[in-house]
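Data block below; observations after.
Numbering (my numbering), first residue to last: 20 to 200.
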């Protein structure tokens, strides 16, 4: 019998002072049986970083033709394509040809450093690709906020994300490996 996804609910208040974006959203995250808690929380953090009422989680790990998160426009085009992990270069190439903006969130220090060394030259040709890295220490702290029902407050300013669940507070800094040009 196949294992089913575990459902997490997140009530998220986002104050993005850099983009002048303020949202209260009720999100549902389905954690695939093969997905770690850290990866699921990074997905949530990626949503927070690019928060928008139209930003949606996709089928994720279950779909080869969709990103983890996307923002589609009224014409069903993709304005923002968000990936997580260490994808193959051809997947990012496809994403860059389909979307106005592509963002990749990398993690897992040892594997990510090796992956970046192998792919950075090829990826620099994609002007609409941004690559962020989150170190293991911050990812572990982020994962501690995971609960089946979460209430989170996020403030974004000058590239820093302050995240709180009412009892714990985190200051998160992504390392920019490649800004979009």
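Backbone N, C-alpha and C define an ideal beta-carbon position, used for all residues, glycine too. Note that this is a predicted model, so its numbers are computed, not measured.
Original post:
Would you call residue 26 buried or exposed, if buried means 16 or more other Cβ atoms sit within 10 Å of its Cβ?
Top reply: Counting Cβ neighbours within 10 Å, residue 26 comes out exposed, since fewer than 16 surround it.
Original post:
Are the CB atoms of residue 153 and residue 111 nearer to each other than 8 Å?
Top reply: No. Outside cutoff.
Subject >> Beta bridge counterpart(s) of residue 168 as assigned by DSSP >> reply: DSSP, once it has assigned bridges, lists 28 as partnering residue 168.
Original post:
Do the region 122–137 and the region 56–73 touch if we need at least three Cβ pairs shorter than 8 Å?
Top reply: Taking 8 Å as the limit for Cβ pairs, the verdict is that the region 56–73 does touch the region 122–137.
**OP:** Hey, could you find the ends of the alpha helix (DSSP H) residue 57 is sitting in?
**Re:** Start and end: 56–68.
Original post:
Who does residue 152 pair with in a DSSP beta bridge?
Top reply: Beta-bridge pairing links residue 152 to 125 and 194.
**OP:** Taking all protein chains shown into account, decide if residue 157 is buried (16 or more other Cβ within 10 angstroms of its Cβ) or exposed.
**Re:** Counting of Cβ neighbours within 10 angstroms places residue 157 among the buried residues, the total reaching 16 or more.
**OP:** Quick one: residues in its chain with C-beta nearer than 8 Å to the C-beta of residue 194, no 5 flanking neighbours on either side, listed in chain order?
**Re:** Result list for residue 194: 151, 152, 153 and 154, in chain order.
Subject >> Backbone secondary structure at residue 162 - three-state DSSP >> reply: In the three-state DSSP reduction, residue 162 falls in the helix class (H, G or I).
**OP:** Compare the C-beta of residue 24 with all C-beta atoms of chain C and state if any pair is closer than 8 Å.
**Re:** Protein chains in the displayed structure number just one, and chain C is not present.
**OP:** Just grab the DSSP bridge partners of residue 43 for me.
**Re:** In DSSP, residue 43 forms a bridge with 32.
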